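**Student:** Protein chains in written order, with the working numbering: chain A, 6 to 235; chain B, 2 to 306.
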Amino acid sequence: MIRLQNISKVYSRGARPALADIDVEIERGDFVFLVGSSGSGKSTFLKLVLREERPTSGDIYVAGRHLNRLSSWRVPHLRREIGAVFQDFRLLPNKTVFQNVAFALQVIGKGRHHIESTVPEMLDLVGLAGKERRMPHELSGGEQQRVAIARAFVNHPPILLCDEPTGNLDPGTSVGIMRLLDRINRTGTTVLMATHDDEIVDQMRKRVIELRGGQLVRDQDRGVYGLENV
Amino acid sequence: MRLRFILGEVWNGLRRNSTMALSVILVTFVSLTFVGAAALIQIQVDQLKDDWYGKVEVSIFLCPEQSWFQQCAAGAVTPDQERAILTVLEQGSVANLVAPGGIYYESREEAFEKFTQNDTQGVWASLTAEQMQASYRVKLSDPEQFQVVADAVSGLPGVEFVKDQREIFAELFRFLNAATLIAGALAAVMLLAAMMLITTTIRLSALSRRRETTIMRMVGSSRSLIQLPFMLEGAVAATAGALLAIGGLWFSVRYLVEDWLKGSVTWVEYISAQDVWIVAPWLLAIAVGLAAFASVVTLGRYTRA
Numbered sequence: 006m007i008r009l010q011n012i013s014k015v016y017s018r019g020a021r022p023a024l025a026d027i028d029v030e031i032e033r034g035d036f037v038f039l040v041g042s043s044g045s046g047k048s049t050f051l052k053l054v055l056r057e058e059r060p061t062s063g064d065i066y067v068a069g070r071h072l073n074r075l076s077s078w079r080v081p082h083l084r085r086e087i088g089a090v091f092q093d094f095r096l097l098p099n100k101t102v103f104q105n106v107a108f109a110l111q112v113i114g115k116g117r118h119h120i121e122s123t124v125p126e127m128l129d130l131v132g133l134a135g136k137e138r139r140m141p142h143e144l145s146g147g148e149q150q151r152v153a154i155a156r157a158f159v160n161h162p163p164i165l166l167c168d169e170p171t172g173n174l175d176p177g178t179s180v181g182i183m184r185l186l187d188r189i190n191r192t193g194t195t196v197l198m199a200t201h202d203d204e205i206v207d208q209m210r211k212r213v214i215e216l217r218g219g220q221l222v223r224d225q226d227r228g229v230y231g232l233e234n235v
Numbered sequence: 002m003r004l005r006f007i008l009g010e011v012w013n014g015l016r017r018n019s020t021m022a023l024s025v026i027l028v029t030f031v032s033l034t035f036v037g038a039a040a041l042i043q044i045q046v047d048q049l050k051d052d053w054y055g056k057v058e059v060s061i062f063l064c065p066e067q068s069w070f071q072q073c074a075a076g077a078v079t080p081d082q083e084r085a086i087l088t089v090l091e092q093g094s095v096a097n098l099v100a101p102g103g104i105y106y107e108s109r110e111e112a113f114e115k116f117t118q119n120d121t122q123g124v125w126a127s128l129t130a131e132q133m134q135a136s137y138r139v140k141l142s143d144p145e146q147f148q149v150v151a152d153a154v155s156g157l158p159g160v161e162f163v164k165d166q167r168e169i170f171a172e173l174f175r176f177l178n179a180a181t182l183i184a185g186a187l188a189a190v191m192l193l194a195a196m197m198l199i200t201t202t203i204r205l206s207a208l209s210r211r212r213e214t215t216i217m218r219m220v221g222s223s224r225s226l227i228q229l230p231f232m233l234e235g236a237v238a239a240t241a242g243a244l245l246a247i248g249g250l251w252f253s254v255r256y257l258v259e260d261w262l263k264g265s266v267t268w269v270e271y272i273s274a275q276d277v278w279i280v281a282p283w284l285l286a287i288a289v290g291l292a293a294f295a296s297v298v299t300l301g302r303y304t305r306a
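#1: Taking residue 165 (chain A) and residue 196 (chain A) to be in contact with their CB atoms under 8 Å, please state how far apart those CB atoms are, rounded to whole angstroms.
#2: So within the segment 74-146 of chain A, which uninterrupted alpha helix (DSSP H) runs reach at least 4 residues, ignoring any that extend past its ends?
#3: Would you mind telling me which residues of chain A sit closer than 9 Å to residue 311 (chain B), beta carbon to beta carbon, in chain order?
#4: When the cut-off is 9 Å and only beta carbons count, does residue 55 (chain A) lie next to chain B?
#5: Identify, in the order they occur along the chain, each residue of the same chain with its Cβ nearer than 8 Å to the Cβ of residue 53 (chain A), setting aside the five sequence neighbours on each side.
#6: Quick check on this structure: which residue in B:12, B:269, B:30, B:35 has the alpha carbon closest to the alpha carbon of residue 183 (chain B)?
#7: Pop quiz: residue 68 (chain B) and residue 168 (chain B) are said to be a contact at Cβ under 8 Å. What is the actual Cβ separation, rounded to whole angstroms?
#8: Using a Cβ cut-off of 9 Å, which residues of the segment 68-86 of chain A contact any Cβ in chain B, in chain order?
#9: If I follow the unbroken beta strand (DSSP E) through residue 223 (chain A), where does it start and stop?
#10: Let me know the secondary structure DSSP gives residue 158 (chain A) once reduced to three states.
#11: Does the segment 202-218 of chain A come into contact with the segment 194-201 of chain B, if we say contact requires no fewer than three beta-carbon pairs (one atom in each stretch) closer than 8 Å?
#12: Mind listing the chain A neighbours of residue 224 (chain B)? Cutoff is C-beta to C-beta under 9 Å, in chain order.
#13: Could you tell me whether the segment 221-233 of chain B touches the segment 281-297 of chain B, using the rule of 3 or more Cβ pairs below 8 Å?
#14: Rounded to a whole number of angstroms, what is the C-alpha to C-alpha distance between residue 306 (chain B) and residue 10 (chain B)?
#15: Could you tell me whether the Cβ atoms of residue 141 (chain B) and residue 98 (chain B) are closer together than 9 Å?
#16: Out of B:128, B:133, B:153, B:132, which one is the CA nearest neighbour of residue 139 (chain B)?
#17: Helix, strand or coil: which one does DSSP assign to residue 213 (chain B)?
#18: What are the partner residues of residue 138 (chain B), as DSSP defines its beta bridges?
#19: Distance cutoff 9 Å, beta carbons only. Does residue 20 (chain A) sit that close to anything in chain B?
#20: Quick one: residues in its chain with C-beta nearer than 8 Å to the C-beta of residue 28 (chain A), no 5 flanking neighbours on either side, listed in chain order?
#21: Which term fits residue 279 (chain B), buried or exposed, when burial requires 16 or more other beta carbons within 10 angstroms of its beta carbon?
#22: To the nearest angstrom, how far is the alpha carbon of residue 103 (chain B) from that of residue 88 (chain B)?
#23: Can at least three beta-carbon pairs, one atom from the segment 136-150 of chain A and one from the segment 107-120 of chain A, be found at a separation below 8 Å?
#24: Alpha carbon to alpha carbon, how far is residue 83 (chain B) from residue 136 (chain B)?
#25: Considering only the alpha carbon of each residue, which of B:228, B:271, B:144, B:249 lies closest to residue 7 (chain B)?
#26: Note down, one range per segment and in chain order, each alpha helix (DSSP H) of at least 4 residues found wholly within the segment 14-59 of chain A.
#27: Please specify which runs of the alpha helix (DSSP H), each continuous and at least 4 residues long, are wholly inside the segment 160-226 of chain B, giving them in chain order.
#28: What residue from A:93, A:82, A:228, A:89 has the CA that sits closest to residue 114 (chain A)'s CA?
#29: Nearest chain A C-beta to residue 181 (chain B) closer than 9 Å, yes or no?
#30: What's the call for residue 76 (chain A), buried or exposed, on a 16-neighbour Cβ count within 10 Å?
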């Protein structure tokens, strides 16, 4: 589903590479934690997958597309196959919960009928049934993140990228979000989640890819957050 | 769905940035009014030229008995010389420039008649027909070709000098052309200001809606859908300005020229409100082009894919 071959990324000439010679393959339906301290290259990794950045060298394949050769006008089609969730939720404050989720479908040209049937389903899935007409500021952080996940997943993309989705949430709420992501993963969706949250990683026991200073230092099935915890 | 979405975004953008939108509308209004005024002045100039040049003649004055001109030192023009001049006009190299039936011989008596008929005070009472001079009055098929005709006959024996009546209007046309230039220069400055304002408006709009555009990029909406609302915002504001300019020009021509000038200064063929419709599409095209150019310059940077 996602394949990086000898990927390196250098932002400015002469600087230390943000990613150095990374080789990773993530299969369809995998659940993968991407861990590492700040500046280890996690964000660059995700940006390469989203094709917000291009690699300096190496090949990257996402959802059957060779991103090195993907022309910029095809990029929107790639992004429709990738849902993205962020630490700061990125909801539109002047739209209701329903409108926030519907927005993702509107702007890729889905019809009103489709939207009106899909969005409530999705809100039901993330546990927000009955809160369609709330505004984001009326929701708790966990609920806001659920809206964001609903928006990312409403188009049923085969890949879900999560950049520290629990970074702004308390541990109890985080567990709820993780259950939701796990549920989405069980539908066959590949989930790639960058995180600092060692408790979650240790509890979930999923595949862990650890980056340090741009290098891949660990790729472990059913792993934990830090090696010292093993 | 998409159309409704785009139009909704455009409306929201204009409403949120209403002062900016208004300033774009006003600046394009003023600048396009100047552009339109310059164009209308030129239409008026062309119309006056068509009208007046059709009436003016080239006057070939023939040597009288006494003349200060060197070329008339031999005395008054002879009938042979007159025939020679006529031959040049009718059959020579300039024959095709002369309007059909456009050559008229004005004898000394006729000139005397014309000259004295308005003289009720007797100022010219001592003047006799012998002191006047005969002339050929020539209408040209193309008045612009005066110089060619003048060169062809001015050296001929018996010709005192050649006069182009257009010289009477030359000053007026110079004035009107200068007015066109000034209006054009003001228009250029204002258009530049309009373009920068549109650029700023689009930029502000794009910045204030960065949250939306970021999400749109993330969920894979096409670049055209992301950028179109901003482009349309600029285009709508500029078009509104152009429509105001067209309205203003129409109003001015209809009430200032057609109703007022036409009633008080009657000897001029004026432009009519119809002429505004000739200029109008160009003003709209300029407005849209301006907005499009400003969008292209701005959007690449602010809503990258």
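Every residue, glycine too, gets a C-beta built ideally from N, C-alpha and C. From a predicted model like this one, the values you see are computed outputs, not experimental measurements.
**Tutor:** Taking the definition as stated:
#1: The residue you call residue 165 (chain A) lines up with position 160 of the first sequence. The residue you call residue 196 (chain A) lines up with position 191 of the first sequence. That pair is a contact at about 5 Å.
#2: 80-84, 102-111, 117-130
#3: This structure cannot settle anything about residue 311 (chain B), because the visible part of chain B is limited to 2 through 306.
#4: Position 50 of the first sequence, counted from the first residue, corresponds to residue 55 (chain A). Interface residue, yes.
#5: Locating residue 53 (chain A) in the first sequence gives position 48, counting from the first residue. If we look at residue 53 (chain A) and ignore the five residues flanking it on each side, its Cβ neighbours are 9, 12, 14, 24, 59, 60, 65, 72.
#6: Here the question's residue 183 (chain B) lines up with position 182 in the second sequence. If we check each option's Cα against that of residue 183 (chain B), B:35 comes out closest.
#7: Locating residue 68 (chain B) in the second sequence gives position 67, where the first residue counts as 1. Locating residue 168 (chain B) in the second sequence gives position 167, where the first residue counts as 1. At roughly 21 Å, the Cβ-Cβ gap does not stay under 8 Å, so residue 68 (chain B) and residue 168 (chain B) are not in contact.
#8: 77, 78, 80, 81, 82, 83, 84, 85, 86
#9: In the first sequence, residue 223 (chain A) corresponds to position 218, counting from 1. Its beta strand (DSSP E) spans residues 220-225.
#10: In the first sequence, counting from the first residue as 1, residue 158 (chain A) sits at position 153. Helix at residue 158 (chain A).
#11: no
#12: Here residue 224 (chain B) refers to the residue found at position 223 when the second sequence is read from its first residue. Chain A residues near residue 224 (chain B): 77, 78, 80, 81.
#13: yes
#14: Residue 306 (chain B) sits at position 305 when you count from the first residue of the second sequence. Residue 10 (chain B) sits at position 9 when you count from the first residue of the second sequence. Model confidence at residue 306 (chain B) stands at a pLDDT of 45, short of 50, so the residue's coordinates are unreliable; what they give is reported in the following sentence. Their Cα atoms are separated by approximately 19 Å.
#15: Locating residue 141 (chain B) in the second sequence gives position 140, counting from the first residue. Locating residue 98 (chain B) in the second sequence gives position 97, counting from the first residue. Against a cut-off of 9 Å, the Cβ pair of residue 98 (chain B) and residue 141 (chain B) comes out as a contact.
#16: Residue numbering aside, residue 139 (chain B) sits at position 138 when the second sequence is read from its first letter. Comparing Cα positions, the closest option is B:153.
#17: Mapped onto the second sequence, residue 213 (chain B) falls at position 212. Helix, per DSSP.
#18: Within the second sequence, the letter at position 137 stands for residue 138 (chain B). Per DSSP, B:60, B:105.
#19: Here residue 20 (chain A) refers to the residue found at position 15 when the first sequence is read from its first residue. Chain B contact via Cβ: absent.
#20: Here residue 28 (chain A) corresponds to residue number 23 of the first sequence, with the count starting at 1. So the qualifying residues of the chain are 9, 10, 11, 12, 221.
#21: On the second sequence, position 278 is the one that residue 279 (chain B) refers to. Burial call: exposed.
#22: Counted from its first residue, the second sequence places residue 103 (chain B) at position 102. Counted from its first residue, the second sequence places residue 88 (chain B) at position 87. Rounded to the nearest angstrom, the two C-alpha atoms are 14 Å apart.
#23: no
#24: Here residue 83 (chain B) refers to the residue found at position 82 when the second sequence is read from its first residue. Here residue 136 (chain B) refers to the residue found at position 135 when the second sequence is read from its first residue. One C-alpha to the other measures close to 9 Å.
#25: If you number the second sequence from 1, residue 7 (chain B) lands on position 6. With distances taken between Cα atoms, residue 7 (chain B) lies closest to B:228.
#26: 47-54
#27: 168-209, 211-219
#28: Numbered from its first residue, the first sequence carries residue 114 (chain A) at position 109. With distances taken between Cα atoms, residue 114 (chain A) lies closest to A:82.
#29: Start at 1 with the first residue of the second sequence, and residue 181 (chain B) comes out as number 180. Not one chain A Cβ lies under 9 Å of residue 181 (chain B).
#30: Locating residue 76 (chain A) in the first sequence gives position 71, where the first residue counts as 1. Label assigned to residue 76 (chain A): exposed.
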